[in-house]
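Numbering (this note's numbering), first residue to last: 434 to 832.
So the structure is just underneath, and the comments pick up after that.
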Amino acid sequence: MILGHAGWGSLGKRRAASNAMPPDTPQSTPNEAWFESTWWWRIKMKLQWTSWLQYIPNLLAGMLMLLLGGLGAWSGVWPLLLRDLPLVVSALLFANLLFDIATVRYGFHPAEPVPPPPNYIDVFEVMRARVSCRSFQKQALTEEHRKTILSLAQQQSRPENCLSPYPIRFEYVDNPLVVWPAVGTREFLVAIAPNAYHELAVVDVGRSLQKVVIEATRMGLATCWIGPGADHKSIIKQLGDRFVPERDHIIGVCGFGYASRYIPLSIRLITKTQRHRLDTCELFFTDTSFSHSVDLKIKAYGNLSRCFEACQWSPSSYNAQPTRAVVVAKKDALIRVDFCAASHSRFYAMVALGIWAANWEAGAAALGKHGDFVELTKDQRGDGPFPDLPRYVVSWSER
434 MILGHAGWGS LGKRRAASNA MPPDTPQSTP NEAWFESTWW WRIKMKLQWT SWLQYIPNLL
494 AGMLMLLLGG LGAWSGVWPL LLRDLPLVVS ALLFANLLFD IATVRYGFHP AEPVPPPPNY
554 IDVFEVMRAR VSCRSFQKQA LTEEHRKTIL SLAQQQSRPE NCLSPYPIRF EYVDNPLVVW
614 PAVGTREFLV AIAPNAYHEL AVVDVGRSLQ KVVIEATRMG LATCWIGPGA DHKSIIKQLG
674 DRFVPERDHI IGVCGFGYAS RYIPLSIRLI TKTQRHRLDT CELFFTDTSF SHSVDLKIKA
734 YGNLSRCFEA CQWSPSSYNA QPTRAVVVAK KDALIRVDFC AASHSRFYAM VALGIWAANW
794 EAGAAALGKH GDFVELTKDQ RGDGPFPDLP RYVVSWSER
């Protein structure tokens, strides 16, 4: 997440303005401070924020193959394997690098059409099909799509649709922001919560914005959650007087647009490595000690298997999946679901939990189950104490 998946940009989050970036992690340790002060780290961050970093792995790999081919030619041993093969691979890598720079960086490629609306069977297929887009077309959203997104964002962030009494909002930005690793993004919703920390308000950000993302996916739009991979100084600059440091706290951004078929090679590889998810048995439990996984052979749990999967494939920052749930059932009847944070993160874990909540609501509604979220006390839960981690946050109870 990115909240998006920020790729190589993890430590860069400490470089943002103090009132803008969620303080999820403590100040840098001496070793980290030294690491971040090195000249090559500064070069890396410069390349990242100027959108050149995604081309460097390809360049380095091509240079390495060229070096190996040169050494193979010098040695004269096994020329086909040690000289010719590395040189061919090097040539292909450099050719791909030039193609990526020309098509992605400078946009020299044929115009791409707006994709037609997909024909999804149900909301489960929508949530399962949704992936973070890493390369967006340069063309803007159609007026119809833009109006729909802005209307949904306004509707979902209304007080009556939120869990917390503390207001959240989404500000629209129609200008490129400095983000990583997504390329070509130029339309964003910036998620803003009160500057004073309120846990459920941050949950509301994830829950409300994910509902917008689900509908955007249903319409055929591409989206990308971006948390630590966003340069908050550039966001504040674009927001202008819409951002008041004493009042506001930027949680993250979400990019909207149309997916492009032109994607840098390194980004393609990153995307493939980030498709792993924990199994549902590692995410959903029947006890507060988190030692007994849900058994899908039991009717009360098996009926909810598609909801479990919808949460399983929810996006989270670095795909960390920092949410767990305790499913409370009696015989064949679901009583409630307790959503828990498996991380001490005050921001990204809460946003991820909100995304789970949105996917759970959408899936449960599709199964004909409607409920409400409520923050229960220990006595109301009556299931014994939760451990330090995962820790209890909020419950969903069927009406």
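Glycine included, each C-beta is placed from N, C-alpha and C at the ideal position.
Here the structure is a predicted model, which is why all the values come from computation and not from measurement.
{"Check": "What does the alpha-carbon distance come out to for the pair A797 and I683?", "Outcome": "30 Å"}
{"Check": "Report whether the distance from the Cβ of E831 to the nearest heavy atom of the ligand MG is below 7 Å.", "Outcome": "The ligand MG is absent from the structure shown, which contains no ligand whatsoever."}
{"Check": "Spatial neighbours of H578 within its chain, please: C-beta separation below 7 Å, excluding the five flanking residues on both sides.", "Outcome": "M652 and L654"}
{"Check": "Under a three-way DSSP split, which group does I684 fall into?", "Outcome": "strand"}
{"Check": "Taking the alpha-carbon of T618 as reference, which of A799, I696, F603 and N594 has the nearest alpha-carbon?", "Outcome": "I696"}
{"Check": "Do I582 and V638 have their C-beta atoms within less than 8 Å of each other?", "Outcome": "no"}
{"Check": "Going straight from the alpha carbon of G495 to that of P748, what length do you get?", "Outcome": "33 Å"}
{"Check": "How close, in whole Å, do the beta carbons of R832 and H803 come, if the pair is a contact with beta carbons under 8 Å?", "Outcome": "5 Å"}
{"Check": "In angstroms with no decimal places, state the Cα-to-Cα distance between K410 and V827.", "Outcome": "Residue 410 lies beyond the stretch modelled for the chain, which goes from 434 to 832, so this question has no answer here."}
{"Check": "Counting along the chain, where does the beta strand (DSSP E) carrying R824 start and finish?", "Outcome": "R824 to E831"}
{"Check": "Go ahead and label L642 buried or exposed: buried means 16 or more other beta carbons lie within 10 angstroms of its beta carbon, across all protein chains shown.", "Outcome": "buried"}
{"Check": "So for I731, helix, strand or coil by DSSP?", "Outcome": "coil"}
{"Check": "At the level of alpha carbons, what is the spacing between G801 and D812?", "Outcome": "29 Å"}
{"Check": "How is the beta strand (DSSP E) around E604 delimited, first residue to last?", "Outcome": "R602 to V606"}
{"Check": "Note down the Cα distance separating M783 from V606, rounded to an integer number of angstroms.", "Outcome": "24 Å"}
{"Check": "Taking the C-alpha atoms as reference points, what is the distance between H777 and R757?", "Outcome": "13 Å"}
{"Check": "For F569, which three-state DSSP category applies?", "Outcome": "strand"}
{"Check": "For the alpha helix (DSSP H) containing P519, list its first residue and its last residue.", "Outcome": "L518 to D533"}
{"Check": "Whose CA, out of R563, V623, S667 and S724, lies closest to the CA of W746?", "Outcome": "R563"}
{"Check": "Quick one, which of Q754, G673 and C740 has its alpha-carbon nearest H709's?", "Outcome": "Q754"}
{"Check": "Quick one: residues in its chain with C-beta nearer than 7 Å to the C-beta of S484, no 5 flanking neighbours on either side, listed in chain order?", "Outcome": "V616"}
{"Check": "Rounded to a whole number of angstroms, what is the C-alpha to C-alpha distance between A790 and L514?", "Outcome": "54 Å"}
{"Check": "Mind checking whether R640 and G502 have CB atoms under 8 Å apart?", "Outcome": "no"}
{"Check": "On the three-state DSSP scale, how would you describe E620?", "Outcome": "strand"}
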